[in-house]
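**Q**
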Amino acid sequence: MTAQLLTTLSANLNLVKLPQHVAVIMDGNGRWAKQKGLPRIEGHRRGASTLKEMLRYCKDLGIKTLTAYAFSTENWGRPIGEVNFLMTLFERLLQKELKEMEAEEVCINFIGDLSPLPRSLQQEMRHSMERTKNNQGVFFNVAINYGSRHEMVTACRNIAQKVQQGRISASDIDENTIAQHLYTSASPDPDLLIRTSGEMRLSNFLLWQLAYTEIYVTDTLWPDFDSEQFDRALEAYQQRDRRFGKKVS
Ligand code: FPP
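Under numbering that gives the first Met the number 0, think of the first position of the sequence shown as 0, with each following residue one higher.
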């Protein structure tokens, strides 16, 4: 654990009861920028460094998986200039951060339909996944052009095709079969979902995977979500009684 982490860590945090997988809906970049009289893209730039800090904090704490919602299938409806800025930002970040991700043992994985993304971005994504695939320090899933309903439709089509080909029978399909055909097949379901900026929605994010996830919503805008705020979310998580639908006598 780093010295800096030890000095900032909340005394109320129980290090043996941490979530293994945290998912995050990073909302409020635009509002953060507007409040400061800055263009929206500055909010995204700042949001990207918040995400980097969060990933480092997860790794230091021993939280094994972080999944971040960076661009939804609905986000194509934003002004073209903002969409183009985000695509360029993703590409530059990957180029700039790859060395550090390798050194920090980050295993990066992109979830979503990557096919409509700019070719050069797709190349950068494939390259970073290939270069970090054996890392075990922290698993970092980035959802880009991700939509949960689309993910489930794709999974159904792939399963149906296997049935058609006689590789599996319809009666063998169970929850595990579905989970194995989602983009997240390599990760356990999230224990904790954090959404910033106060919206009480899932916004088509991990609808299957969040079935028993604890949800924490904060009014803090994403660029202001620092390690202290994260500690608060983790403390709230630790106070929850997770029963997974079972009644405790
Ligand atoms: C939501 O805020 C944020 C986004 C749609 C973009 C998030 C992207 C990043 C933080 C960059 C991440 C970088 C990598 C490499 C994954 P908003 O624009 O919806 O804010 P608003 O609701 O206040 O308008």
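Ideal Cβ placement from N, Cα and C applies to all residues, glycine included.
Quick caveat, the model's predicted, so the values are computed rather than measured.
For residue 22, verify whether its CB is less than 8 Å away from any heavy atom of the ligand FPP.
**A** No.
**Q** I'd like the list of long-range same chain contacts for residue 136, defined as Cβ closer than 8 Å, with 5 residues on each side in sequence excluded.
**A** Excluding positions up to five away in sequence, the list reads 58, 103, 104, 105 and 106.
**Q** Put residue 64 into one of helix, strand or coil per three-state DSSP.
**A** DSSP places residue 64 in strand when its eight states are reduced to three.
**Q** So what does DSSP say about residue 15, is it helix, strand or coil?
**A** Three-state DSSP puts residue 15 in coil, outside helix and strand.
**Q** Could you tell me which uninterrupted alpha helix (DSSP H) segments, each at least 4 residues in length, are contained entirely in the region 57 to 136, listed from first to last along the chain?
**A** If we require 4 residues or more, the alpha helix (DSSP H) runs fully inside the region 57 to 136 come out as 79 to 102 and 118 to 131.
**Q** Taking DSSP as the reference, what is the three-state secondary structure of residue 203?
**A** Coil, per DSSP.
**Q** Decide if residue 63 is buried, meaning its Cβ has at least 16 other Cβ atoms within 10 Å, or exposed.
**A** Its Cβ being crowded by 16 or more others within 10 Å, residue 63 is buried.
**Q** Closer than 8 Å to a non-hydrogen atom of the ligand FPP - does that hold for the CB of residue 13?
**A** Not under cutoff, so the answer is no.
**Q** Helix, strand or coil: how does DSSP classify residue 142 here?
**A** Here residue 142 sits in strand by DSSP.
**Q** When you measure from the CB of residue 136 to every non-hydrogen atom of the ligand FPP, does any distance come out below 8 Å?
**A** No, the ligand FPP has no heavy atom inside 8 Å of this Cβ.
**Q** Mind reading off the beta-carbon distance from residue 219 to residue 183? Whole number of angstroms is fine, and I expect it under 8 Å.
**A** In fact, because the Cβ distance is near 26 Å, the residues do not count as touching under 8 Å.
**Q** Rounded to whole angstroms, what is the Cα-Cα separation between residue 222 and residue 158?
**A** One C-alpha to the other measures close to 40 Å.
**Q** Pull up the CB-CB distance for residue 113 and residue 143, whole angstroms please, since I reckon it's below 8 Å.
**A** Sure, about 7 Å apart at Cβ, within 8 Å.
**Q** So does residue 221 have its beta carbon nearer than 8 Å to some heavy atom of the ligand FPP?
**A** It does: the Cβ of residue 221 is within 8 Å (strictly closer) of some heavy atom of the ligand FPP.
**Q** So what does residue 23 bridge to, in DSSP terms?
**A** Looking at the DSSP assignment, residue 23 forms a beta bridge with 67 and 193.
**Q** May I have the straight-line CA-CA distance separating residue 239 from residue 170, to the nearest angstrom?
**A** Each residue's alpha carbon lies about 37 Å from the other.
**Q** Cα separation between residue 122 and residue 177?
**A** C-alpha separation (whole angstroms): 28 Å.
**Q** Residue 196: beta carbon under 8 Å from a heavy atom of the ligand FMN?
**A** This structure lacks the ligand FMN; the ligands present are the ligand FPP.
**Q** Out of 74, 124, 77 and 117, which has the shortest C-alpha to C-alpha gap to residue 289?
**A** The structure shown has nothing for residue 289, since the chain only spans 0 to 248.
**Q** By DSSP, does residue 236 sit in helix, in strand, or in coil?
**A** DSSP places residue 236 in helix when its eight states are reduced to three.
**Q** Pair every Cβ in the region 144 to 164 with every Cβ in the region 124 to 133, then say whether three or more of these pairs are closer than 8 Å.
**A** Flag = no, the region 144 to 164 and the region 124 to 133 do not touch.
**Q** Within 9 Å of any Cβ in chain D, is that where the Cβ of residue 10 sits?
**A** Checking the listed chains, one finds no chain D in this structure; it contains a single protein chain.
**Q** Residue 46 to residue 82, Cα distance in whole Å?
**A** Rounded to whole angstroms, residue 46 to residue 82 spans 15 Å at the Cα level.
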